[in-house]
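Novice: First residue of the sequence shown? That's 879 in our numbering, and the numbers climb one at a time after it.
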Amino acid sequence: MSVVNGFVIFVMLILVAYMGYRLFIKRRLLALLSLCAQLFAVLLALLSFINDIQALDIIQACFLLLGIIIPCCFLITDYVQMLNKVKQKGQYEGFIQPDTREPDHLAGFADSVSGVNPILKEMPVAEIVKDLTVNNEDIIKNIKKSLNHAQSFLNKKDFTGAFEIYNTLTKIIENCSSLFFNHGNICYYLGFYSDAALYFSKAAATDEAHQYTAFYNLGNSQFKLRKFDKAIQSYNRALDLKPDLEEAHENIALAMLGMGETEKAFDYYRKILQQDAGSLKAHYVLCKMLSDAGNYTESEQEVLKCIKLDPVNFESFAELGRLRARQGKLKEAVEAYEGLIRLAPGNYNGYYSKGSLLYKLGKKKEAIECFRKVIELNPDNYRSYYNMAVALDELGDNDAAVEAFKSTIGIKPDFVDAYNNLGVLLSTMNKPDEALAVYEAGIKRNPEDNSLFLNKGITLYEMGKFRDSVAAFKTALELKPDELEIYYYLGSALIEARLYNDALEAYKLALRIKPEDSEVFYNLATVYSLLGRYDIATDNLKKAVELKEDFRNDAKTNRAFDGMRGKSAFRELVS
879 MSVVNGFVIF
889 VMLILVAYMG
899 YRLFIKRRLL
909 ALLSLCAQLF
919 AVLLALLSFI
929 NDIQALDIIQ
939 ACFLLLGIII
949 PCCFLITDYV
959 QMLNKVKQKG
969 QYEGFIQPDT
979 REPDHLAGFA
989 DSVSGVNPIL
999 KEMPVAEIVK
1009 DLTVNNEDII
1019 KNIKKSLNHA
1029 QSFLNKKDFT
1039 GAFEIYNTLT
1049 KIIENCSSLF
1059 FNHGNICYYL
1069 GFYSDAALYF
1079 SKAAATDEAH
1089 QYTAFYNLGN
1099 SQFKLRKFDK
1109 AIQSYNRALD
1119 LKPDLEEAHE
1129 NIALAMLGMG
1139 ETEKAFDYYR
1149 KILQQDAGSL
1159 KAHYVLCKML
1169 SDAGNYTESE
1179 QEVLKCIKLD
1189 PVNFESFAEL
1199 GRLRARQGKL
1209 KEAVEAYEGL
1219 IRLAPGNYNG
1229 YYSKGSLLYK
1239 LGKKKEAIEC
1249 FRKVIELNPD
1259 NYRSYYNMAV
1269 ALDELGDNDA
1279 AVEAFKSTIG
1289 IKPDFVDAYN
1299 NLGVLLSTMN
1309 KPDEALAVYE
1319 AGIKRNPEDN
1329 SLFLNKGITL
1339 YEMGKFRDSV
1349 AAFKTALELK
1359 PDELEIYYYL
1369 GSALIEARLY
1379 NDALEAYKLA
1389 LRIKPEDSEV
1399 FYNLATVYSL
1409 LGRYDIATDN
1419 LKKAVELKED
1429 FRNDAKTNRA
1439 FDGMRGKSAF
1449 RELVS
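Structure representation (structure tokens):
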């Protein structure tokens, strides 16, 4: 009897492992409840087996029901679903598939309206095979094999591989709408919109059952080709066949926007809302369209209607936050993002947006807490590390800021701003050698970025390594010849290195960029004075003072002008 019990427990343990894996993949409440019941049954069975106790019949029935029968029902269901998917798609995709359904109130809600809505998905292999008019079984078998091969490419997003197969099949097979439709989709994915339009037209002409999908995707192809008037015609054909195709209505409005008929597009959508004022998606799309057009006030009104229609839709709160931030209503935007966080506490974007706004409001400590929460939810979010580092730096927590900048670089090694800010911070902490090492590391990753060479040059200048700083500034100028700030630093470094003539050339080049720059004239005056060319120095100082009165007082204390203080022209200029 104990051998039988041992075998039963062994089977139960195998089923526990299966249901545990199923729960990990599916993450559904029913699977969790079943697993808990299994564990209870296994525990009872193990206690009975270990203590060699003969369980009552009702207890044994509990073992079988909770530990074997119910899990086997799940196993059989998964097996049947797997077979159906193989028949439908023509290939094996896994015994247990993750549940990818969205909550009903979110399904299809947040489609982007900054571009046309996505095309409708391609037909399954089984549908294409059913549409074939070929009678030869061997030919059908070979076609199916090719289609399955193409489907494997599609599953891997290898559209080129799928294109080659479909391109061959469409040349030898006529009057197969689903085949034409799929080939149109593949052309669309690859950006071959003219070819896509051709195949969608063929699909629409050969099979009434799929006509609305073909016309809709044809409209998308024409939209991408900027043939907006033709796209509208195609969308209307799709709506004639399927009046509840909301995406077609949206795309018609977007096509009107593409034609520059903004008010016409808004009126079109307002008419839709007159017919169905309770359409959450319609209000949301109109909100996005108004936002894209810069009409933030009316856009905000539309998103508030969305919230009224569905108070638990966090996407509406996210859009409300964005709209208020664009209008400069930062406190109100924070409140909107708090609504998003309340509804979707696992959505790190809400914390990130709230943190960014709190930083702008000067609430740096609260902003840091938001960025910490983002990192907790999404440890690879380098932007949050960076923003947190900037806030910590401004609060004077230098050591924590350094670590946050280093974490930023660890996640995104080519992030130039992180290298620059970390280097500057280390310099202020009197760690110039570490700052130089940071700039060198940044330059290895971003050898074409002038700002890293500029900051490296500034650090070398502050260390008194003037000739080395000159080399860094010159490299920065090679990368960005029109950056006026670099000329200032280069000129100063050349003066400190006593390369006065080179400094003159640097400042003269700066004047080509900004001919009326008071600071450049002032710097030229100092160099000419150091060279003993006092008349030219006076002329340049005069121009500097005319452009900016403050330089009159600066000249009184600048030691570079000591050689010309006895000159009447200088005394008159600075008096």
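All C-beta atoms, glycine included, are put in the ideal place defined by N, C-alpha and C.
(1) State the Cα-Cα distance for the pair Ile928 and Val920, rounded to the nearest angstrom.
(2) So is the beta-carbon of Thr955 under 6 Å away from any non-hydrogen atom of the ligand COA?
(3) Got a sec, what are the start and stop residues for the alpha helix (DSSP H) Gly1228 sits in?
(4) In whole angstroms, what is the alpha-carbon distance linking Ala1349 and Gly1335?
(5) Excluding the five sequence neighbours on either side, which residues of its own chain have a C-beta within less than 6 Å of the C-beta of Leu893, listed in chain order?
(6) I'd like to know whether the C-beta atoms of Ala1211 and Phe1192 end up nearer to each other than 7 Å.
(7) Is the beta carbon of Ala1371 closer than 7 Å to that of Phe1399?
(8) Which residues in the same chain as Asn995 place their Cβ atom closer than 6 Å to its Cβ, once the five residues preceding and following it in sequence are excluded?
(9) With contact counted as at least three CB pairs below 8 Å, one residue from each stretch, are the segment 1079-1094 and the segment 1036-1046 in contact?
(10) Among Asn1333, Glu1356, Ala1415, Ala1171, which one has its Cα closest to the Cα of Glu1326?
(11) Checking 7 Å against the spacing of the C-beta atoms, do Leu1057 and Ile1018 come in under that value?
(12) Enumerate, from N- to C-terminal direction, the unbroken beta strand (DSSP E) stretches of 3 or more residues contained entirely within the segment 1053-1089.
(13) What does the Cβ neighbour count give for Ser1453, buried or exposed, with the cut at 16 atoms within 10 Å?
(14) Using three-state DSSP, classify Pro1223 as helix, strand or coil.
(15) Do you know how far the Cα of Leu1158 is from the Cα of Ala985?
(16) Just checking, does the segment 1148-1163 make contact with the segment 1113-1120 on the three C-beta pairs under 8 Å criterion?
(17) From Asp1277, Leu1451, Ile1246, pick the residue whose C-alpha is nearest to that of Gly1233; which is it?
(18) So, is the C-beta of Ala895 closer than 7 Å to a C-beta in chain C?
(19) Where does Arg1376 fall in DSSP's three states?
(20) Smallest Cα separation from Ala1092: which of Ile1051, Glu1141, Leu998?
(21) Measure the C-alpha to C-alpha separation of Ile936 and Val958 and round it to an integer number of angstroms.
(22) Rounded to the nearest angstrom, what separates Lys1434 and Leu1451 at their Cα positions?
(23) Threshold first: 4 residues or longer. Then list the alpha helix (DSSP H) segments lying entirely within the segment 880-956, N to C.
(24) Under the assumption that Asn1227 contacts Ala1196 (Cβ atoms under 8 Å), give the Cβ distance between them as a whole number of angstroms.
(25) Distance check for Leu1198 and Asp977, CA to CA, integer angstroms please.
(26) How long is the line joining the alpha carbons of Leu1456 and Ile1185, rounded to whole angstroms?
(27) Please state whether DSSP places Arg1104 in a helix, a strand or coil.
(28) Cα-Cα, which of Ile931, Leu1047, Lys1034 is closest to Ile1022?
(29) Which of helix, strand or coil does DSSP assign to Lys1166?
(30) Consult DSSP for Asn1259 and reduce its assignment to one of helix, strand or coil.
(31) Measure the C-alpha to C-alpha separation of Ile1051 and Tyr1147 and round it to an integer number of angstroms.
(32) Is the Cβ-Cβ distance between Glu1060 and Met1001 less than 7 Å?
(33) Just to check my reading of the structure: Leu1382 and Leu1402 have Cβ atoms closer than 8 Å, yes? What is that Cβ distance to the nearest angstrom?
(34) Grab the span of the alpha helix (DSSP H) containing Phe1031 for me, first residue to last.
(35) If you measure between the beta carbons of Phe1283 and Ala1296, is that distance less than 7 Å?
(36) Specify the secondary structure class of Lys1343 as computed by DSSP and reduced to three states.
Specialist: By the coordinates alone:
(1) 12 Å
(2) In the structure shown, the ligand COA is absent, as is every other ligand, since no ligand is present at all.
(3) 1226-1238
(4) 8 Å
(5) Pro949
(6) no
(7) no
(8) Asp989, Glu1125, Glu1128, Asn1129
(9) no
(10) Glu1356
(11) no
(12) Runs found: none.
(13) exposed
(14) coil
(15) Low local confidence applies: a pLDDT of 29 at Ala985 is under 50, so the model's placement there is unreliable, and no value is given.
(16) no
(17) Ile1246
(18) Annotation note: the requested chain C is absent from the structure, which comprises a single protein chain.
(19) coil
(20) Leu998
(21) When rounded, the distance between both Cα atoms is 31 Å.
(22) 10 Å
(23) 880-904, 907-928, 935-942
(24) Contact annotation, Asn1227 with Ala1196: C-beta distance approximately 7 Å; criterion of less than 8 Å satisfied.
(25) Because Asp977 carries a pLDDT of 43, less than 50, the predicted location of this residue cannot be relied on, and the following value inherits that uncertainty. Rounded to whole angstroms, Asp977 to Leu1198 spans 30 Å at the Cα level.
(26) This structure does not reach residue 1456, given that the chain is present from 879 up to 1453, and the question cannot be answered.
(27) coil
(28) The question names Ile, but residue 1022 is Lys in the sequence shown. It is Leu1047.
(29) helix
(30) coil
(31) 41 Å
(32) Per the sequence shown, the amino acid found at residue 1060 is Asn instead of Glu. In contact: Asn1060 and Met1001 (Cβ atoms closer than 7 Å).
(33) 7 Å
(34) Here the alpha helix (DSSP H) through Phe1031 covers 1015-1033.
(35) yes
(36) coil
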